[in-house]
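Everything below concerns the one structure shown next.
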Amino acid sequence: MERGPVMVPDGVGAVVFDFYGTLVRMVEPLPPDHRGIFARRGLAAQGELWGDQWSVGPGEGEEHAEHSADEAAYTGWERDRLRRRARACGVPEGELDGLVAELDRAMKAVRLELFADVPGVLAALRERGLLVGVCSNWFWNLEECVEAVGLGGAVDVVVGSARAGARKPHPLIYRALVERCSLPGGRVLFVGDMWVPDVLGPLAAGMRAVHLWRPDRAVEGIAPPLPERAARISGLRELLTPGAGSGGEGGRGCSG
Numbered sequence: 001m002e003r004g005p006v007m008v009p010d011g012v013g014a015v016v017f018d019f020y021g022t023l024v025r026m027v028e029p030l031p032p033d034h035r036g037i038f039a040r041r042g043l044a045a046q047g048e049l050w051g052d053q054w055s056v057g058p059g060e061g062e063e064h065a066e067h068s069a070d071e072a073a074y075t076g077w078e079r080d081r082l083r084r085r086a087r088a089c090g091v092p093e094g095e096l097d098g099l100v101a102e103l104d105r106a107m108k109a110v111r112l113e114l115f116a117d118v119p120g121v122l123a124a125l126r127e128r129g130l131l132v133g134v135c136s137n138w139f140w141n142l143e144e145c146v147e148a149v150g151l152g153g154a155v156d157v158v159v160g161s162a163r164a165g166a167r168k169p170h171p172l173i174y175r176a177l178v179e180r181c182s183l184p185g186g187r188v189l190f191v192g193d194m195w196v197p198d199v200l201g202p203l204a205a206g207m208r209a210v211h212l213w214r215p216d217r218a219v220e221g222i223a224p225p226l227p228e229r230a231a232r233i234s235g236l237r238e239l240l241t242p243g244a245g246s247g248g249e250g251g252r253g254c255s256g
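Just so we're aligned, residue 1 is where the sequence shown starts under the numbering used here, counting upward by one.
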């Protein structure tokens, strides 16, 4: 596997991780399938027309700043998307509100578990004086989810798409991240399992990038060739390569 240069080079002051697929994975019990929700309401035929239950969410790279003013505005926008999809599938008007509320809850009822290498690696990075962050395409409650999996005290900065107003790889979310880190982009190392949002997007924003290619990854296919300022690892412990640089002055000078 092509690996690229030293994982945390000298001069890097912050290491920022994607959340799902990088720090956490989904475990059982899985969220309920949307078809069962439709069927219980006597709407099995409409449920078959729905398609992929996750595809109704914002698209990769979508900008939605006007809907990210606060939690009420954002969750209202999420439910409006569900309502439009349900109406297009033929759900009667009188059934829309109850169905949409249940679908919204079901899609967010994910049970998450840390990958085994996460706690030790994040602790070691902070011991080296590096700022540690999370940046993810996620629901409004990213900070609460980070706390729930036990990383509240291990992370300095959390930037989620819902509050930032755009999903990776839109430049807006990376600008918000760099501002929160109070560091120039070249001193931020982004680590994630998704090629465009976690590697190409951060590189375009002036950051460095590490592509996480776990053996038990959810992403299928062949790992693309590495561009400059990028590396590839099969597990987070490889970030602790001997000789990797420390954060140095300003490494953790960030508002959390």
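Don't be surprised by glycine CBs; every beta carbon is placed ideally from N, CA and C.
> Helix or strand or just coil, what does DSSP make of Gly61?
Replying inline: coil
>> Under DSSP, the beta strand (DSSP E) around Leu112 begins and ends at which residues?
In response: Leu112 to Leu114
>> Within the continuous alpha helix (DSSP H) that includes Met107, where are the two ends?
In response: Glu93 to Lys108
> What number of angstroms, rounded off, separates the C-alpha of Ala230 from the C-alpha of Arg208?
Replying inline: 6 Å
> How is Gly253 classed by DSSP in three states: helix, strand or coil?
Replying inline: Caution applies to Gly253, whose pLDDT of 37 falls short of 50 and renders its modelled position unreliable; the value that the coordinates give is listed next. Three-state result, Gly253: coil.
>> Below 7 Å, is the gap between the Cβ of Arg229 and the nearest heavy atom of the ligand MG?
In response: Ligands are entirely absent from the displayed structure, and the ligand MG is therefore not among its contents.
> Is the Cβ of Ile173 closer than 8 Å to any Cβ of chain B?
Replying inline: Structure shown: chain B not included; a single protein chain is present.
> At what residues does the alpha helix (DSSP H) containing Leu177 begin and finish?
Replying inline: Pro171 to Cys181
>> If the criterion is Cβ atoms closer than 8 Å, does the pair Val100 and Arg83 meet it?
In response: yes
>> By alpha-carbon positions, which one of Thr75, Gly235 and Cys181 ends up nearest to Asp156?
In response: Cys181
> Near Gly59, what residues of its chain come up, given a Cβ to Cβ distance below 8 Å and the 5 sequence neighbours on each side ignored?
Replying inline: Arg167
> Within 10 angstroms of its Cβ, does Asp10 collect 16 or more other Cβ (buried), or is it exposed?
Replying inline: exposed
>> Just to confirm my understanding: we take Gly90, look at its own chain, exclude 5 residues before and 5 after, and list those with CB closer than 6 Å. What are they?
In response: Gln46
> Within 10 angstroms of its Cβ, does Ile173 collect 16 or more other Cβ (buried), or is it exposed?
Replying inline: buried
> Leaving out the 5 sequence neighbours to the left and right, which residues in its chain are closer than 8 Å to Leu103 when beta-carbon positions are compared?
Replying inline: His34, Ile37, Gln53, Leu82 and Ala86
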